[in-house]
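Numbering (my numbering), first residue to last: 8 to 176. Below is one structure; the comments refer to it alone.
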Amino acid sequence: MKLVAADYAAEMPDLMSQLARPGLLLVVPDTSRPANVMTIGWATFGRVWSRPMCMVMVRPSRYTYGLINRAGVFTVNRMPAGSAKAVARCGAVSGREVDKIAEQGWTLQPGETQPAPYLAEAALHLECRTVFTSEVTAELAEELRLASYPEADYHTLYFGLVTGVYRHE
């Protein structure tokens, strides 16, 4: 596998397309194994503060929450076609009980620009460093709050400065 630097803006349509289905994979360094992976279906890609940003959302109840807070870095991985079942599995089980990376037989590689690993089997990955966090609160518009947070289990937003975008060839 060869990494090729990619243009962030040019990759946004594919990232957005896969975000909806099957999802993207958030990889965060772990304290009990090299890394944990979590499926994400909600994220934002763009420019904030005149910098390339990737904003991901993690609920405090998730195993990944403590890891991302501790590490302050993460990668977002777009898997190749044919990976939908594996991506779905990573959203259906918790890293507290299952080493999802080992279960899928995936290989971790060290990041190029951040101390966050990425999945060698991915088609593309973004390397990010958290530069700001914000909590979703009950002040969210009622139609969104009722639909997305019926149990008031609000997300924390992690704004990741994109420090590298790589296609895997």
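Note that the Cβ used here is the ideal one computed from N, Cα and C, for glycine as well. Keep in mind it's a predicted model, so treat the numbers as computed, not measured.
Simplified DSSP assignment, three categories, for residue i
i      : result
THR71  : helix
ARG40  : coil
GLY98  : helix
LEU26  : helix
ALA13  : coil
SER141 : strand
PRO59  : strand
GLU134 : strand
ALA123 : coil
MET86  : coil
ALA159 : coil
Rounded straight-line distance, which links the Cα of residue j to that of residue i
i      : j      : result
PRO117 : GLU149 : 42 Å
VAL55  : ARG77  : 23 Å
ARG103 : SER24  : 29 Å
THR46  : GLY73  : 16 Å
TYR70  : SER155 : 19 Å
ARG85  : VAL11  : 14 Å
VAL44  : VAL83  : 10 Å
LEU151 : LEU22  : 23 Å
GLY98  : SER57  : 32 Å
SER141 : ALA93  : 30 Å
GLY89  : TYR165 : 28 Å
GLY53  : THR120 : 19 Å
Within 7 Å, strictly: CB atoms of residue i and residue j
i      : j      : result
ARG136 : VAL80  : yes
PRO124 : LEU115 : yes
ALA127 : PRO29  : no
VAL169 : TYR15  : yes
PRO87  : ALA130 : yes
ALA50  : LEU26  : yes
ILE75  : VAL100 : no
Supposed close pair residue i, residue j - CB separation, criterion 8 Å
i      : j      : result
ARG66  : HIS162 : 5 Å
MET19  : GLY167 : The pair is not a contact, with the Cβ atoms about 14 Å apart (cut-off 8 Å).
VAL5   : ALA13  : There is simply no residue 5 to check, as the chain begins at 8 and stops at 176 in what is shown.
ASP160 : SER68  : 6 Å
Residue i Cβ short of 6 Å to the ligand NAD heavy atom set
i     : result
VAL44 : Ligands in the displayed structure: none, and consequently the ligand NAD is not present.
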